[in-house]
Amino acid sequence: MDALKTKRKSLRTSFTATANKLKECLAKKEDAKDGDKLRALNSQLEDKFLRLDEIQNKISSLLLENTDTGAEYETDFQAAEDYRDNFLELKSKLETLLNKDSGSFLESSSELDVVKLNLPKFELKMFSGDPKEFLTFWSIFSKIHDSEELTAIDKFQYLYQSMVPDSRAARLISSFPITTENYPKAVEQLKLRFGREDLLVQIYVRHLLSLVLKNATTGKNAPDLATLYDMLETKLRALESLGRTKEKFADFLEPLVESCLPENVLRAWERSRISESTEDATSQRSLEKLM
């Protein structure tokens, strides 16, 4: 452990020196306008912090293995957190400055070209941890996740920025230190917690069932046909994106959809089906025509 602590001491000294240079640049108006210089310093700072964090994790593990060093671990942990806070504070200030000056959606740790990334010019979808929002959130964020132009650290920062502050999702992502190795772990946990396919299917099927119950109990106060159609179509499209297509699950979905419809619409629908030939009245086509 002594060798690790010696190496950590050297890295902390190097990190502090670079952090002070970056602070000086941020304080000077002329240097603050030099985006290339700021990005270079930030890349150096990020590299030093990642190496420092790697050593710190090894030291923390060794301290935890020794049951007699509880107090030492607490002191060591607090010191390490001071360096992490310093790193995150500088990174945040730099991002704010670069975004303000360039007017572009820019990540401080890389010379990110928005055109190369092909990101549309709109704000990222914010995610709070509501499973119903996960499909929409991930369909947008996956463009960043799958990009070859960004490093894992870049993607991690985007992920942090996409979380609604103080939400369940934000607390989950914040539990992972910002490292290259932790980015895929954070994404995996996000999907396991809020984007499991079986969980999402249950949610959308329950929504269909709630529409059935609402239609049965509200009677005349039920939503108008156009609104009901939009609600049903939204749920069915979500299920389709999860692999529960109309073709494969028509026998299950059709009765649910029918149960949501007003009685007069069902009568008209039944007359329409009776008038068709038996050959054309398959469940698959029946659900498509019903919608």
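All letters in the sequence shown, in the order written, are residues 9 to 299 by my numbering. We put the beta carbon where it would ideally sit given N, CA and C, even for glycine.
Between Trp146 and Gly203, the alpha-carbon positions lie close to 9 angstroms from each other.
Between the stretch 190-201 and the stretch 172-180, the count of Cβ pairs shorter than 8 angstroms is three or higher; the stretches touch.
Each of Glu157, Ala160, Leu132 was checked against the Cα of Ile148, and the nearest Cα belongs to Leu132.
Of the residues assessed, Glu241 falls on the exposed side of the cut-off, its CB having fewer than 16 other CB atoms within 10 angstroms. Gln52 is positioned such that its CB atom lies no closer than 8 angstroms to that of Thr21. By a beta-carbon distance limit of 8 angstroms, Leu49 contacts Lys29. Their separation comes to about 6 angstroms. DSSP places Phe142 within a helical segment (H, G or I) once states are collapsed to three. Taking a C-beta distance under 8 angstroms as the contact criterion, Leu105 and Leu19 do not qualify as a contact pair. Under the three-state reduction of DSSP, Phe164 is assigned to helix.
DSSP, reduced to helix, strand and coil, places Phe135 within a strand of the structure shown. Secondary-structure assignment with DSSP links Met171 through a beta bridge to Phe135.
Here Ala88 is buried. Its C-beta has 16 or more other C-beta atoms within 10 Å.
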